[in-house]
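K.L.:
If you scroll down you'll find the structure; I have some questions about it.
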Amino acid sequence: MDKIYVPPIKIQGKKTKLVPFIINNLPQTDFDTWIEPFMGSGVVGFNIQPKKAIFADNNPHIINFYNAIKNGEITSLKAKDFLYEHGELLSKKGEEYYLEVRERFNKEYKPLDFLFLNRSCFNGMIRFNSKLKFNVPYGHKPQRFAQAYITKITNQIRQLELLLENKEWRFICQDFRSTIDNANTKDLIYCDPPYIGRNVNYYDNWNEESEIDLEKTLIKSNSYFLLSTWHSNIHRKNEYLETIWKNYNIATAKHFYHLGGKEENRNEIIEALVLNYEPKIKFIDKLEEKIVFEQLGLF
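Everything in the sequence shown is counted per this note's numbering, starting at 2 for the first residue and increasing by one.
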């Protein structure tokens, strides 16, 4: 594809650069509804652009933001005015104003405040504490909302507004089990859960029990599915690919994460795509990947 659409919300682990790899591994059959039980940024589904889709997540702030665009509460023009006004206050007051908006958001949960925090916090992270309050520190960029940056964000919102005009897309806040339970054999499910063993939870916990439940729920759906997870990095490999997901097909690709609270979490990783059907492209580059795997001692 010529150009990847980038959504207005930044989320650690987003699949922007992996979209072509994922799209090339879609099943060679038509499907009725595209279903994402772990929406996150929504970048995969937004680029596939299905006629019908269900984007679900257990983080209400993500769902509220996209529903606000869908129902017209947020428009590209309203977002532009908001970011200009509050970006100017940030440039004058810096961290003091960032913390003011963060405190306000944790009381009122306004979607435009969520966008502001997401774009001015440390390293574009989304993270909540045990009381489900947004707790990412300030990114220390008082001039963050320069005109070009605001234009970029509002153009992203405008692109989504145009997409929503002719699509039957629903944004729902609910547990992944409920989302998958409502799927049928004509639907296609794409899962991008928190990566088990990678300490990247952004709203609640994800553990081995969750991963097992996910696999069992997908089996019951009788739908085609594809699931993003990690295969290996320079330190270790994902043991669950050899246990929970051992009976499925796996395609891999190299990827680099720029988001993360620690520098050591921003490095190259081998991504895995788990499928219950035959993948079209098992490796982006077989020779290149073979060399990488040998270097990691994982081939």
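Ideal placement from N, C-alpha and C gives every residue a C-beta, glycine not left out. All of these numbers come straight from a predicted model, not from anything done at the bench.
(1) Under the rule that 16 or more other beta-carbon atoms within 10 Å means buried, what is S121, buried or exposed?
(2) Could you compute how far the alpha carbon of E264 sits from the alpha carbon of L242?
(3) Mind listing, in chain order, the continuous beta strand (DSSP E) runs of no fewer than 3 residues lying wholly within the segment 212 to 262?
(4) Which residues bound the beta strand (DSSP E) around L274?
(5) Could you please give the first and the last residue of the uninterrupted alpha helix (DSSP H) stretch that includes R171?
(6) Here's the rule: buried if 16 or more other CB atoms are within 10 angstroms of the residue's CB, otherwise exposed. What is I292?
(7) Excluding the 5 residues preceding and the 5 following K142 in the sequence, name in chain order all residues of the same chain whose CB lies nearer than 8 Å to its CB.
(8) In its own chain, which residues sit with a C-beta less than 7 Å from the C-beta of N277, not counting the 5 before and 5 after it?
(9) Once DSSP output is grouped into helix, strand and coil, what is the label at G298?
(10) Tell me the DSSP bridge mates of L189?
(11) Using the three-state DSSP reduction, which class does N156 fall into: helix, strand or coil?
(12) Taking contact to mean 3 or more Cβ pairs, one atom from each stretch, closer than 8 Å, check whether the segment 50 to 67 and the segment 35 to 42 are in contact.
(13) Mind checking A69: buried by the 16 CB within 10 Å criterion, or exposed?
(14) Between L274 and I251, is the Cβ-Cβ spacing less than 8 Å?
(15) Inspect the beta-carbon positions of I24 and I49 and report whether they are closer than 8 Å.
(16) Just reading off the alpha helix (DSSP H) that I181 is part of, what are its end residues?
(17) Give me, in chain order, the residues of the same chain whose beta-carbon lies closer than 7 Å to that of Y1; leave out the 5 immediate sequence neighbours on both sides.
(18) Taking C-beta to C-beta, are P21 and I75 nearer than 8 Å?
(19) If contact is defined by three or more beta carbon pairs under 8 Å, each pair taking one atom from either stretch, is the segment 186 to 196 in contact with the segment 150 to 165?
(20) Give the secondary structure of A147 by DSSP, where H, G and I count as helix, E and B as strand, and everything else as coil.
(21) DSSP state of K53, grouped into three classes?
(22) Suppose you measure from the CA of H236 to the CA of E269; what does that come to, to the nearest Å?
P.N.:
The relevant details are as follows:
(1) In the sequence shown, the residue the question calls residue 121 occupies position 120. S121 is buried by the Cβ-count criterion.
(2) As a first step, residue 264 must be located in the sequence shown, where it is residue number 263. As a first step, residue 242 must be located in the sequence shown, where it is residue number 241. Note on E264: pLDDT 49, under 50, position unreliable in the model; no value is reported.
(3) 225 to 233, 250 to 257
(4) To locate residue 274, count along the sequence shown from 1; it is residue 273. 269 to 276 is the extent of the beta strand (DSSP E) around L274.
(5) Position 170 of the sequence shown holds residue 171. Not the alpha helix (DSSP H): R171 falls in the beta strand (DSSP E), residues 169 to 174.
(6) Indexing the sequence shown from 1 puts residue 292 at position 291. Low local confidence applies: a pLDDT of 43 at I292 is under 50, so the model's placement there is unreliable, with the coordinate-based value given in what follows. Exposed.
(7) Sequence index remark: in the sequence shown, residue 142 carries index 141 (1-based). S121, listed in sequence order.
(8) The residue given as residue 277 occupies position 276 in the sequence shown. For N277, where only same-chain residues beyond five positions count, the Cβ hits under 7 Å are Y225, F226, Y249.
(9) By 1-based counting over the sequence shown, the position of residue 298 is 297. Unreliable positioning characterises G298 in this predicted model, as indicated by a pLDDT of 46, which lies under 50. The coordinate reading is nonetheless provided below. Coil, per DSSP.
(10) The residue labelled residue 189 in the question sits at position 188 within the sequence shown. Per DSSP, W35, Y225.
(11) Taking the sequence shown and counting its residues from 1, the one referred to as residue 156 is at position 155. Helix at N156.
(12) yes
(13) Start at 1 with the first residue of the sequence shown, and residue 69 comes out as number 68. Per the 10 Å Cβ criterion, buried.
(14) Position 273 of the sequence shown holds residue 274. Position 250 of the sequence shown holds residue 251. The answer is yes: Cβ separation under 8 Å.
(15) Position 23 of the sequence shown holds residue 24. Position 48 of the sequence shown holds residue 49. Cβ atoms of I24 and I49: closer than 8 Å.
(16) Taking the sequence shown and counting its residues from 1, the one referred to as residue 181 is at position 180. Per DSSP, I181 belongs to the alpha helix (DSSP H) from 177 to 182.
(17) Residue 1 lies beyond the residue range present for the chain, which begins at 2 and ends at 300; the question has no answer from this structure.
(18) Taking the sequence shown and counting its residues from 1, the one referred to as residue 21 is at position 20. Taking the sequence shown and counting its residues from 1, the one referred to as residue 75 is at position 74. No, Cβ-Cβ distance for P21 and I75 is not below 8 Å.
(19) no
(20) Taking the sequence shown and counting its residues from 1, one reaches residue 147 at position 146. In the structure shown, A147 sits in coil (DSSP, three-state: anything other than H, G, I, E or B).
(21) In the sequence shown, the residue the question calls residue 53 occupies position 52. Strand, per DSSP.
(22) Looking up residue 236 in the sequence shown gives position 235. Looking up residue 269 in the sequence shown gives position 268. Those two C-alpha atoms are separated by around 11 Å.
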